[in-house]
Structures are given as C-alpha cells and as structure tokens.
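Contents: one structure, followed by commentary.
There are 4 protein chains.
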Amino acid sequence: MTDIRKRPRIGVIGGARPNMVSTQVAARVGELIAKAGAVLVCGGLGGVMEAAALGAKKAGGLTIGILPGGSPAEANPSIDVPVATGIGYARNAIVALNADALIAIDGEYGTLSEIAYGVIYGKTVIGLGTWDIRGIIQAQTPEEAVKLALGGRS
Amino acid sequence: MTDIRKRPRIGVIGGARPNMVSTQVAARVGELIAKAGAVLVCGGLGGVMEAAALGAKKAGGLTIGILPGGSPAEANPSIDVPVATGIGYARNAIVALNADALIAIDGEYGTLSEIAYGVIYGKTVIGLGTWDIRGIIQAQTPEEAVKLALGGRS
Amino acid sequence: MTDIRKRPRIGVIGGARPNMVSTQVAARVGELIAKAGAVLVCGGLGGVMEAAALGAKKAGGLTIGILPGGSPAEANPSIDVPVATGIGYARNAIVALNADALIAIDGEYGTLSEIAYGVIYGKTVIGLGTWDIRGIIQAQTPEEAVKLALGGRS
Amino acid sequence: MTDIRKRPRIGVIGGARPNMVSTQVAARVGELIAKAGAVLVCGGLGGVMEAAALGAKKAGGLTIGILPGGSPAEANPSIDVPVATGIGYARNAIVALNADALIAIDGEYGTLSEIAYGVIYGKTVIGLGTWDIRGIIQAQTPEEAVKLALGGRS
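Chains as they are written, first to last, in our numbering: chain A, -15 to 138; chain B, -15 to 138; chain C, -15 to 138; chain D, -15 to 138.
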C-alpha cells in the first residue's frame, strides 16, 4: 500500500454559505487534519468545504473533493484531487464512503444527508455547531473534533 | 401525457424494521394514497415500504419501488414497477426525486437521508412518528398526512 | 407478485436523433412489445425512445422511462412511469438493469454504453441497424427482434 | 490551483484479466504517464488497472482509483487515492469524467462502456489492442498512446 493510502482520511461536511464563525472553525479543522497527517475529504465546493480545504493546504495537507457535477474544474482552488461524479446530490453518499470519520460544521439539508450516510456506513460522525440529532458526537472545539475523528478511524 | 402520468405520486419512506403500530400506519397511508388515485413511490424493500405498498395494492393502487440493488426481483411482492438502480444507498436520492411529496413513517438514518433529499429537492415532507427536525410537517394521523401530501403536489 | 410484475420487460435503446427508417422501426418494435403483453423500458427521452414508447402506447402497452435528469416531467409524453435519476449518463446502467432483454436501434455512444451494460448484466442484446460488435444478436426485422427478445427473458 | 491539480490526468481502462502482453503494455503506459508528470486515473481494481498503476508508482507517479464498491480498501495496492463509489458499474461513467484523455488496453464490455462514456464526454480515446470501433484513435505502442493522450488534454 502506498504512503498516501496509509494516512487516515477525515471528511469535513457543511454548508456552502456558513457564517464567519463557522468559516473560521472549518479552516481550523482543515489545518488540524493536515497537521495530524490525515487526508481531508470533502464535497469540493464552497463555504465550509472551501474553508477546510484552504486550511489544510496552508498546513501542507492533501485534499480530495468529491463533486456533484461533471467537471473537475468545479472544485475550489484548494482541492488537490477533484473527483467529478456527475450524479448530483447522490454524491453525498460517496463523500461519506470515503472518510474514516466525518466532522460536520454548520450545514443544512445536504449536510444532514451526509450525516445520515455517515451513520449508515458506520463512520464516526462528529458535530461542531451542526444538526443536534442522535448519532452525532458533539464537540466543542476544532481540536476536540479532530481528535475524536482520528480516534474513530475505521 | 398518459393517464398514469397525470396522477400525483406520493413517496412513503420509513424503516425496514418498524414496530406493529408503524406497520399499521404505513398500511393505512398506502391505502389512502391509492384511494385518492395517487401513485405510491417507495424504496421497494420491507418494513414500512412493504406495508404501505400492500395497503395501496389492496385498495387497487399502483406502486413503484426504487431499489438499491441490481435486481428488480428484490422488490417486495406488492410492488408493480420495481426499478433496480444498482447504486446502493445513493438510490435514496432517487426515491425523493420521484415523489411530489413524501410521508416519513418511523425510520432510522436511511429515512433521514431521504427526508434531507426531500427538502433539498423542494418536496413537501410530512412526518408520522418519525424524526423530529425542522423541515418536516408533523401529522397526527394517516388521513392528515395523505391530505397534506396531496396538497403539496409540486 | 402483481400482474404487472409478471410481464416481461423489454428495453429499447437507441439514438435521440434517428432517421425516418429507424423511427419507424422503433415505433413498430414498441407496438410489438405491447401486443406481446410485455412492458417497454427505455431512457424516456426523444428519438428512438419516444417512437418506441408511442408505438407501445398506441397498442395499449405500459412504458417506463429512466431519465438522466432530476425531473419526471422531462419524459416524453408516451411514458407512463417516468423515473428521474438525477445521475446523468450513469443512468444508462439502470436502463440495462431493468430490462430482461434489450433491443438496440440505430444509436451512437449512449446506445453503445447501454449495449455494453446489457452484456455485462447478462441480458440478451438484439440489434436492429445498430453497432455491429460481438455480443449483439443482429435481427433483420422488428418482428424478429421482439421474438428474440421475448425468448431471452432472464 | 494546487500543483497536483495542474497536472494532466490520463485514464487507463482495460480488462481485469489481461494476457501477459497487455499486462506489460499497461505497465509501460503507466510508467510513461508518470514520467510525463501526469496523474493516472483508473478503475482501481486488478488486471490492466493494477498493472498501469504499478507502472506509474514505480516511476514516482500519483494514481487515482475509482472503485465500484463501497470500500476504499478494495483498491489495488498501487492506488494512492482510492475513491469508493458504491454505485457498481455505473462508476464507469465517473472514470471517464475524471480523465483528460483515456487509453484503452485490451478489455471487454466494461472497457467498452468506458470508451463510450469517453466519447460522450468529449475526451480523446486512444486504443492499444482494444475494441476496434469508430471514435477510438488506435495507437501502435505505449509511447504513441501516451503522446496522443497528452496532446488531448481538454
């Protein structure tokens, strides 16, 4: 198995239009994922996804973006490996499949579907200011969230 | 447009292992959908899906089952039109796309993902003893749920 | 199992912009499928798909259209049961999954992908003026094609 | 845009059970892709996919494997970035979407579907001992194939 393969993969899911606080939280989560040597997986678009990917890139990390549309060019500029799926919102299932654990930040119904898929697929799902439903482990800080996510590698 | 096409389509979503009460509620919802001349759409498998389809068939209705696996034969025996997708849980998005409104009964995380897709796609989502989250209109009886769903045809 | 479920399902695949001859061939194939009591499955859009569905409806048949987009309303007017998938050209796999046998008429690369999926999924694939590749049983007339397809119910 | 993003991406498609010659051809194609600084995209499993990925890794390249199943662990050991899709053979569409150009080596009907998707999505499709159909540019050697593929970056 290659060196990249050996790293844990942490998914960051969240809304396309976060407020300032959630944007900063996402950036910090991305940074911490990268500093821990993990790969960041996200939906590849804007908002929480972009903030987390930028945070990861600034810290020297690797980022994967799983896109709803048919063009890799749709990914935000901090995505190293854009994966165009062309299957629309059904790609939310693929985001969840490709993370060892998920951190949900803010978010609306797209995020909710990814949280649901995360639980279905047996992934640890951590929450930071997101939906308050059973099945999510609520964290208080980016540090706590990333620590919990890394402990939850399947 | 054909006669079948003119009918509203109501999706029934819910768990594969409902308790007795939820099973009876699902059967009654299916019956009411059929009696209203609407087509029932569901995930095609057991539990709430099967109870609702059976209820609809007993009342002379038409039933569509959108399956996760690759074989139409996986559908429960009350499904008239099984649609094998072969895309696993990503088919939950397709269930939501093909209903004018959704009625969620009981259910776990698969149902939650379908509720989320329903809201994403702008469908009216009615709840009967299911997840208590914003975005769902909670109904008290099968009659109320079906009435709300039929009013919500997009 | 319901009465509709007991009927064979024959897929008709082909181009969106057929010439006059292929359009007539498709209409006749649709008619023969309906007269044989089989259900027609197709991609739900124009050209060969629409001609075959119209032929089937004129003969009193039932038609299923598996669409690439997210709206059932995209189906041609002769489709009884439109199934919106929202997964783009990946829906070609779903067309092949839902037929007991496939009849390919004319067609370009979308049709080629459906022929390929048909063979992958072990379906009988009949050709009428379409791609000339191994794996397809070439027929000379609509009558021969439908006869071969019905014999090939899996 | 990140440095990895700036590299061309070449897809290698082909059978899971190639003969010795096709295996060697695939390994050489993978090596040449890596030496050209391009990223290799494939279906992530065995046969041509594995030989090409191994060839690319030996030459220091980066490899992406887009899998039909739901587990990244299914990827062959030379895949750096496995992407589990969980959508079965419908993932063949995603392989084609994520390459600037495709090189088909040997192969059966899965490869044929990927060739078809490649043409549908406007990608240059190069052949090396594969299906002989219009739409494919047939090459004689791995060197010629990779050269043609790199010229075809969209």
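For each residue, glycine too, the CB sits at the ideal point set by N, CA and C.
{"Query": "Neighbouring residues, chain C, relative to Ala100 (chain D) (Cβ below 8 Å)", "Result": "Tyr93, Gly94, Leu96, Ser97 and Ala100"}
{"Query": "Strand pairing of Gly49 (chain C), partner residues [DSSP]", "Result": "C:Cys26 and C:Pro66"}
{"Query": "Runs of beta strand (DSSP E) lying entirely within the region -10 to 19 of chain C, each at least 3 residues, in chain order", "Result": "-7 to -2"}
{"Query": "Any chain A beta carbon closer than 8 Å to Met33 (chain D)", "Result": "no"}
{"Query": "Cβ of Thr(-14) (chain A) within 8 Å of any chain D Cβ", "Result": "yes"}
{"Query": "Start-to-end residues for the alpha helix (DSSP H) that takes in Ala37 (chain B)", "Result": "Val32 to Lys42"}
{"Query": "Contact with chain C by Ala74 (chain D), beta-carbon distance below 8 Å", "Result": "yes"}
{"Query": "Under 9 Å from the C-beta of Lys107 (chain C): neighbouring residues of chain B", "Result": "Ordered by position in chain B, no residue passes the 9 Å Cβ test against Lys107 (chain C), which lies about 12 Å from the chain."}
{"Query": "Between the CA atoms of Asn82 (chain A) and Gly106 (chain A) - distance to the nearest angstrom", "Result": "12 Å"}
{"Query": "Spatial neighbours of Arg12 (chain B) in its chain, beta-carbon cut-off 7 Å, leaving aside the 5 residues before and after", "Result": "Gly39 and Pro126"}
{"Query": "Contact check, Ala85 (chain B) vs Ile(-3) (chain B), beta carbons under 8 Å", "Result": "no"}
{"Query": "Under the three-state DSSP convention, the category Thr(-14) (chain D) falls into", "Result": "coil"}
{"Query": "Spatial distance of Leu16 (chain D) from Val109 (chain D) (CA atoms)", "Result": "17 Å"}
{"Query": "Nearest candidate by alpha-carbon position, reference Val5 (chain D), set D:Leu112, D:Ile117 and D:Ala133", "Result": "D:Leu112"}
{"Query": "Tyr93 (chain C) and Ala80 (chain C) closer than 8 Å at C-beta", "Result": "no"}
{"Query": "Contacts around Glu34 (chain D), its chain only, beta-carbon distance under 7 Å, and the 5 residues preceding and following it disregarded", "Result": "Asn60 and Ser62"}
{"Query": "Cβ pair Leu46 (chain C), Gly28 (chain C) closer than 8 Å", "Result": "no"}
{"Query": "Local conformation of Pro126 (chain D) per DSSP, three classes", "Result": "helix"}
{"Query": "CB-CB length for Ile71 (chain B) against Gly54 (chain D), believed under 8 Å", "Result": "No, Ile71 (chain B) and Gly54 (chain D) are not in contact; Cβ-Cβ is about 11 Å, not under 8 Å."}
{"Query": "Endpoints, alpha helix (DSSP H) assigned at Thr114 (chain C)", "Result": "Thr114 (chain C) -> no alpha helix (DSSP H), and no H or E assigned at all."}
{"Query": "CB of Ala18 (chain A) within 8 Å of CB of Gly44 (chain A), strictly", "Result": "yes"}
{"Query": "Collapsed DSSP secondary structure at Ile71 (chain D) in the structure displayed", "Result": "coil"}
{"Query": "Test: Gly27 (chain C) CB closer than 8 Å to a CB of chain A", "Result": "no"}
{"Query": "Among B:Glu128, B:Leu134, B:Val130 and B:Ser97, nearest to Gly119 (chain B) - alpha-carbon criterion", "Result": "B:Ser97"}
{"Query": "Residues that DSSP places opposite Ile87 (chain C) in a beta bridge", "Result": "C:Val(-4) and C:Ile110"}
{"Query": "Residue range of the alpha helix (DSSP H) that includes Tyr105 (chain A)", "Result": "First-last for Tyr105 (chain A): undefined, no H or E at that position."}
{"Query": "Exposure label - Ala88 (chain C); buried when at least 16 CB within 10 Å", "Result": "buried"}
{"Query": "Sequence-distant residues of its chain with Cβ nearer than 8 Å to Leu132 (chain A) (five each side left out)", "Result": "Ala85, Thr108, Ile110, Ile121 and Ala123"}
{"Query": "Asp90 (chain C) and Gly(-1) (chain C) closer than 8 Å at C-beta", "Result": "yes"}
{"Query": "Collapsed DSSP secondary structure at Ile78 (chain B) in the structure displayed", "Result": "helix"}
{"Query": "Proximity below 8 Å, CB of Thr(-14) (chain A) to CB of Lys41 (chain D)", "Result": "yes"}
{"Query": "Between the CA atoms of Ile78 (chain B) and Ala10 (chain B) - distance to the nearest angstrom", "Result": "20 Å"}
{"Query": "Any chain B beta carbon closer than 8 Å to Gly136 (chain A)", "Result": "Caution is warranted here: a pLDDT of 48 is assigned to Gly136 (chain A), below 50, making its placement in the model unreliable, and the coordinate value is therefore given only provisionally. Output row for Gly136 (chain A): interface = no."}
{"Query": "CA-to-CA distance, Asp64 (chain A) to Thr(-12) (chain D), given in whole angstroms", "Result": "Here residue -12 (chain D) turns out to be Ile, not Thr, going by the sequence shown. Those two C-alpha atoms are separated by around 6 Å."}
{"Query": "Cβ-Cβ distance between Ala20 (chain D) and Val103 (chain D) below 8 Å", "Result": "no"}
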